[in-house]
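Comments concern the structure below.
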Amino acid sequence: MTDGVRDGGVFFPDSHLGRFRLAIRVAGLAAWVAVSILGAPTGNRPLTSVLVAIAGAAVIVSGMLFRRRYWWVSAVGVAIFAVLGLALTAIGPSWVGWAPVVFALFWSIIRLPGRLVVATSTVLLVAMVIVGWLALGPGAVVGQLATCMGVAVLAYSMRSARQRATDAERLLASERAAREATERASVLAERQRLAREIHDILAHTLSAQVVQLEGTRMLLRHGADTDAVLARVEQAQRLARDGLDETRRALDSLRGRSRPLAETLPALAADAGAGYASEGDPRDLGPEASLAIVRTVQEALTNVRKHARGAATTVRLRYAPDAATVEIVDAGGPGPADADGPGTDGAETGGPAQDAASLAGSGGGYGLAGMRERAELLGGALWAGPLADGGFRVRLRIPA
1 MTDGVRDGGV FFPDSHLGRF RLAIRVAGLA AWVAVSILGA PTGNRPLTSV LVAIAGAAVI
61 VSGMLFRRRY WWVSAVGVAI FAVLGLALTA IGPSWVGWAP VVFALFWSII RLPGRLVVAT
121 STVLLVAMVI VGWLALGPGA VVGQLATCMG VAVLAYSMRS ARQRATDAER LLASERAARE
181 ATERASVLAE RQRLAREIHD ILAHTLSAQV VQLEGTRMLL RHGADTDAVL ARVEQAQRLA
241 RDGLDETRRA LDSLRGRSRP LAETLPALAA DAGAGYASEG DPRDLGPEAS LAIVRTVQEA
301 LTNVRKHARG AATTVRLRYA PDAATVEIVD AGGPGPADAD GPGTDGAETG GPAQDAASLA
361 GSGGGYGLAG MRERAELLGG ALWAGPLADG GFRVRLRIPA
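Every letter in the sequence shown is one number past the one before it in UniProt numbering, and letter 241, counting from 1, is 241.
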C-alpha cells in the first residue's frame, strides 16, 4: 500500500493526491506563511515570517524531492521546523511557535519506526514544557500538553489504521497465493490421476494384445489353419476395442459419471466366469475408490485367466462403516495358461510347452505392484498370496 508519509508526503497519502500533489503542497506552504505573518507578535513579525517560511519550505520541499529512499531528509526538515518553533516561542510568545512542535510530534508518530517514536516524542514534549514554562507560564503549558495529547491520539489512530490496512493487504496476497497454489496442485493431481489410469489401461490391454499376437505368430510359424489364426486376430481386435472402452470408462469415473459398483463388478465377474457376492449396505465410495476396486478386480481376474484357467473363482465385496473390502479368491489350477482359452498350450499349437508358459507370464509392468500402489495412494492396503489349498487370494481394503 502506498503511504504518503513514508514516501515523503506530509499531509496526505500519495494515493489520494495524484497529479494535484504539488499544487496542494505549494498551497499549504503559502497558507502557512500567511498565517505565520498574521499570527506573529507585532515586534517580531518580519523575523517570524522569514523563519517560518524557511522552515515550512524545508519540510514541504523535502517531502516533494526526497521520497522513501531519503526519508531522513524529511526528518531533518521536521526537526529544524520544531527547533525554529521553539525559538519563536522563546523570543516572541505566540501560538505560531507551538504549531511546528505539534506538527513534529504528529509526524514522528506517523512516520518513524516504533523504537524511535517514544524517544522523539519525549524529547519534543520535554522541550516544549521547558520553553513554554519559561516563556508563557504554567497555564499555557497545560493547554499545549492537552493539545499534544489529542494530536498524539489522532496520530496513533492513523498509524494503527494504516498498519491494519497493510496487514490486510498482505494477508489477502498470502491467501491469493495459497489459493493459486492449491489450484495448481489440484490441476497437477488431476493430471497425475489421468496419467496413472491411462498407463494402467494401456499396460493391461497391450500386455494381453502382445500375448495374442505372439500366439498368432507361433500359429503361423507352425502352419496352423486359418480359423485358429483368425480367432487370435479377432481376440486381439476385441482387446483393442475393450482398451478404448476402458479408457472412456476411466475418464467418466474420474469425472463422477461411472456406473455403480453394484453393476460393474457383477458384469466383470460374469465375463470371467466367476461368482459374485456383496455384503453390507451398498453406497457410493467416490470415483477414485470405486475405480481402484474395479481395477483390482480386473487385474485379479486377468491373473486367474493367465495362471489358473478354469479354476473356480469368487469376487466378494464387503461394505463396512469405515471401509470397503473386495476379495478375489480362486481355487487354483493346473498351471499357467494363455489368456486365449483352450488350444494355446504347446502341444496343440505345435510349439514347445515353455513358449506357452512364457506367454502366460508376459506383462506390461501392471499387476500386484500397480494394485498395491493404487491402494496406498488412497490410504488403503492390498494383500495377495497363495492359500493352503493351492488357490490364490487378492484382498483390497480402502477407507470409505
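The beta-carbon is built from N, C-alpha and C at its ideal position, and this holds for glycine as well.
Given the structure is predicted, the values throughout are model-derived calculations rather than measurements.
- Task: Quick one: which unbroken alpha helix (DSSP H) runs of 4-plus residues sit fully inside the segment 255–293? Chain order, please.
- Result: 261–271
- Helix, strand or coil: how does DSSP classify P399 here? strand
- Message: Assuming R316 is part of the beta strand (DSSP E), what are its boundary residues?
- Response: T313 to Y319
- Neighbourhood of P386 by C-beta distance below 6 Å, restricted to the same chain and skipping five residues each side: F392
- Query: L244 bridges to which residues according to DSSP?
  - Reply: Paired residue(s): none; L244 is not in a bridge.
- Can you give me the Cβ contacts of E327 inside the same chain, cut-off strictly under 6 Å, excluding the 5 residues immediately before and after it? R316 and R395
- Message: I need the DSSP call for L382, collapsed to helix, strand or coil.
- Response: strand
- Message: Out of T216, Y276 and G273, which one is the CA nearest neighbour of A236?
- Response: The residue with the shortest Cα to Cα distance from A236 is T216.
- Message: According to DSSP, simplified to helix, strand and coil, what is R393?
- Response: Here R393 sits in strand by DSSP.
- Message: Along the chain, where does the alpha helix (DSSP H) containing A104 start, and where does it finish?
- Response: Unbroken alpha helix (DSSP H) run through A104: W98 to R111.
- Query: Between the segment 153–161 and the segment 109–116, do at least 3 Cβ pairs fall closer than 8 Å?
  - Reply: yes
- Would you list the residues sitting across from E327 in a DSSP beta bridge? R316 and R395
- Local Cβ density within 10 Å of I130, reported as buried at 16 or more and exposed below that: exposed
- Message: Assuming contact is defined by CB atoms lying nearer than 8 Å, are L219 and R232 in contact in what I supplied?
- Response: yes
- Item | Proximal residues to R318 (C-beta, below 6 Å), its chain only, five neighbours per side dropped | E279, G280 and T325
- Query: Assuming L230 and Q209 make a contact with CB atoms under 8 Å, what is their CB distance in whole Å?
  - Reply: So it is not a contact: roughly 16 Å between Cβ atoms.
- CA nearest to the CA of I398, picked from P287, A311 and A388: Comparing Cα-Cα distances from I398 to each of P287, A311 and A388, the minimum goes to P287.
- Which residues in the same chain have their Cβ closer than 6 Å to the Cβ of E246, if we skip the five residues on either side of it in sequence? I201
- To the nearest angstrom, report how far apart R309 and R179 are at their CA atoms. 52 Å
- Assuming G132 and T89 make a contact with CB atoms under 8 Å, what is their CB distance in whole Å? 7 Å
- Query: How should L188 be labelled, buried or exposed, when 16 other C-beta atoms within 10 angstroms of its C-beta is the threshold for buried?
  - Reply: exposed
- Task: Please name the residue in A274, D322 and S207 whose C-alpha comes closest to that of T313.
- Result: A274
- State the DSSP-derived secondary structure class of L136, mapped to helix, strand or coil. coil
- In the DSSP assignment, find the unbroken alpha helix (DSSP H) run with A369 in it and report its ends. L368 to L377
- Return the CA-CA distance between residue 426 and L265, expressed in angstroms with no decimal places. There is no way to answer for residue 426, as the model of the chain reaches only from 1 to 400.
- Item | Span separating the alpha-carbon of V142 from that of M128 | 11 Å
- Taking the Cβ atom as the reference point for each residue, do L301 and L261 lie within a distance shorter than 8 Å? In this structure, L301 keeps its C-beta atom at 8 Å or more from the C-beta atom of L261.
- Query: Candidates S207, A228 and D225: which alpha carbon is nearest D242's?
  - Reply: S207
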